[in-house]
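According to mature numbering (1 follows the signal peptide of the UniProt record, and there is no 0), the stretch in the sequence shown is residues -19 to -1, 1 to 366, in order.
The beta-carbon is built from N, C-alpha and C at its ideal position, and this holds for glycine as well.
What follows is a single structure, written as C-alpha cells, with notes after it.
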Amino acid sequence: MRSLSLVAAWAALLSQVQCLNILITSNDGFGTASVRELYRQMTSLGHNCYVVASVTAQTGEGVRADFTSNPRLDSDGDWGLVKAGAPSLGTDPTDSHIWYYNGTATAQVLVALDYILPTVCGLTVPDLIISGPNSNSNSGAFLQTLSGAMGATYVAIERGIPAMAFWTGNDATVYSSLNSSTRVGLQDPATINARLASNLAQAFISKANGDRVLPEGYGVTVDLPYITSETSDECTNPPFVLARPAQEVGVKVAYNHKSGIFNRMQADASPNKVEVTNIEGTVDPKCLSAVTVFALDYDAVRRRQCFNLADVTAIIPVVVHSNGSTALIGGLGANASISGNSSQSPPAVVISPPSIQTAVTSIATLVQWSISSLVLGLVVGVVSS
C-alpha cells in the first residue's frame, strides 16, 4: 500500500509538469530580437515552441488575410535576412522550428495552423498562440481592430485556440544585434520584454492547472512599457496591472489638400489610453504593464458558454495586480536580476531543438523525464511484489 501511495504522489507531481505546444507569431518579422528571445525563454520552460512570422513588417493590417500570389520573394526581407528570389515560405537555416511567410499576420497564423504545423511538424493544434512582443502600443479598443498583431490573435480565438498578444514601447530590432549587456550593464530591452512575456504566459498556464490556458472565446492583450535598460534602470521591471481598454478612438484622418487624398494620422499610444483598475500604488504610470482580458464572439447572445465568468479575475494569475493593490511587484519578480553579462558572449537567440516535438534540453522537460522514469520504476516494483 505504501508503494501505491508513492506511485500516486509521484504521478500527481508529474501531472504538474506541463509541456505545451505553443505557436509564436509577430507582425514585426521572424527575425526580431524580442520574438527570438521569447522563443528561447518559452522553450527553456519546457514548452515545444514554433515561430511563424512575417518576412517583412506587417503593422496595421488588422484582420486582413493577405496571401502572397508569388511563390518567391520579389524583394529582400527585413534586415536582409531573406533575399529576393527565395521562397515565400521557408525556415531559419539553423532551426526548423522557426518559419517565415510573406503574408499578413492573420495569413501567417492560418498558414501555420493549416499547413506548417500539421503537415511539416506533425502537430494538429497548438495549446496556445502568442503574438509578439510587437513594437508600439495597442492601447484602446478601437486600435485592436486595426492591429495586425490583434488580427493574428482574433483568428486564433475564432479557431478555438487560447491566444495572447504582447506589445512593447521599444522599437523592433534584429536578433543579431542583441546584446548580452547594454552600455549601463543591464540586459537588452528585447531580453527583458521576452522575460516579462514568458513570465506572464507561464503564470496563465500554471493558473489553468492542466486545463485550457484561457476559456473559450477569451484572449489577453498586454502593453509592456518602454524598457529603459539601454540607458538606465528607471523602467526595467514593470508590474503587471489589470486594465480596461479606453473607449476613446485614438485614430484620426487628415485631408491633404495638395494630393487630394486622406491619410491616417499617427495614433496617440500614451499610457492614458488604458484605464488601470483601482490600483493605489505609487509606481510611475509610465512603468506599468497593462493586462487586458477581452472576449471575442460574433454570436454572443446564443453562445453564452463563451462568457461564463462571473468575475474576469477568476482567470487572472496572482502576478497581475488589481482590486486596490498597493504593494506592486515587478513582472520579473521581486528580486529578479536584470544585470547584463559583459564577460560572456550574447545569449543564443537561435536554438536547434531535436526533431521530436518536446525540447528535451530544457530543465523542466528533463525533470518530467526523470519523474516519469521514477514512476515507471515504482509501478514495476509494485507489480513485481
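The alpha helix (DSSP H) with residue i in it runs from where to where?
i, result
"Asn8", "Segment: none, Asn8 is in no alpha helix (DSSP H) and carries neither H nor E."
"Leu91", "86 to 92"
Give the DSSP-derived three-state secondary structure of residue i in the structure shown.
i, result
"Asn180", "helix"
"Ala315", "coil"
"Arg17", "helix"
"Gly66", "coil"
"Val106", "coil"
"Val165", "coil"
"Ser56", "coil"
"Ser61", "The question names Ser, but residue 61 in the sequence shown is Gly. Looking at Gly61 - three-state DSSP - the assignment turns out to be helix."
"Pro143", "coil"
"Ile173", "helix"
"Val301", "strand"
"Thr217", "coil"
"Ile296", "helix"
"Pro114", "strand"
"Thr72", "strand"
"Ile97", "helix"
"Ala153", "coil"
"Tyr138", "The displayed chain sequence assigns Ile, not Tyr, to residue 138. Three-state DSSP puts Ile138 in a helix."
"Ser320", "strand"
"Ala308", "coil"
"Ile186", "helix"
For residue i, count the other beta carbons within 10 Å of its own beta carbon; 16 or more makes it buried, fewer makes it exposed. Which is it?
i, result
"Phe243", "exposed"
"Asn316", "exposed"
"Ser213", "exposed"
"Asp192", "exposed"
"His78", "buried"
"Asp204", "buried"
"Ser50", "exposed"
"Gly241", "exposed"
"Ala144", "buried"
"Gly198", "buried"
"Pro206", "buried"
"Val165", "exposed"
"Val92", "buried"
"His238", "exposed"
Give the range of the beta strand (DSSP E) segment to which residue i is assigned.
i, result
"Tyr81", "76 to 82"
"Val32", "29 to 35"
"Leu205", "199 to 205"
"Ala235", "234 to 237"
"Thr273", "270 to 276"
Would you kindly check if the distance between the Cβ of residue j and the Cβ of residue i is under 7 Å?
i, j, result
"Pro107", "Ser15", "no"
"Leu4", "Ile110", "yes"
"Ser210", "Thr202", "no"
"Ser112", "Asn322", "no"
"Thr105", "Val136", "no"
"Ala153", "Asp9", "yes"
"Gly200", "Phe147", "no"
"Gly12", "Val155", "yes"
"Asn190", "Thr149", "no"
"Val63", "Thr6", "no"
"Leu1", "Arg176", "no"
"Pro74", "Arg53", "no"
"Ile138", "Leu19", "no"
"Asn117", "Ile208", "no"
"Asp59", "Thr85", "no"
"Thr294", "Ala224", "no"
Give the single residue among the options whose Cα lies nearest to the Cα of residue i.
i, options, result
"Ala34", "Arg140, Ser162, Ile138, Ala133", "Ala133"
"residue 411", "Leu277, Thr172, Leu19", "What is shown of the chain runs -19 to 366, which leaves residue 411 out entirely."
"Gly27", "Asn174, Val293, Ala182", "Ala182"
"Leu269", "Asn51, Pro74, Pro220", "Pro220"
"Val94", "Gly61, Leu62, Ile142", "The sequence as given places Leu at residue 94; Val does not occur at that position. Checked all of Gly61, Leu62, Ile142; the closest Cα to Leu94 is Ile142."
"Ile297", "Leu205, Asp73, Leu313, Val194", "Val194"
"residue 391", "Tyr82, Ser320, Asn151, Lys64", "Past the edges of the chain, shown from -19 to 366, lies residue 391, and the structure says nothing about it."
"Ser157", "Asp169, Leu70, Asn29", "Asp169"
"Asp55", "Thr49, Gly66, Leu62, Thr273", "Gly66"
"Ala271", "Gly311, Glu197, Ser240", "Gly311"
"Gln(-2)", "Thr294, Val299, Ala184", "Ala184"
"Ile186", "Met23, Ser116, Ile138", "Met23"
"Leu309", "Ala295, Val234, Val222", "Val222"
"Val299", "Gly71, Val92, Trp60, Lys188", "Lys188"
"Arg21", "Leu167, Thr72, Ala144, Ser179", "Ser179"
"Gly103", "Val234, Asn29, Ser303, Val301", "Asn29"
"Leu159", "Ser320, His302, Arg17", "Arg17"
"Arg140", "Pro196, Val165, Arg164", "Pro196"
"Lys267", "Glu215, Pro99, Leu70", "Glu215"
How about residue i: is its C-beta nearer than 7 Å to some C-beta of chain C?
i, result
"Val33", "Checking the listed chains, one finds no chain C in this structure; it contains a single protein chain."
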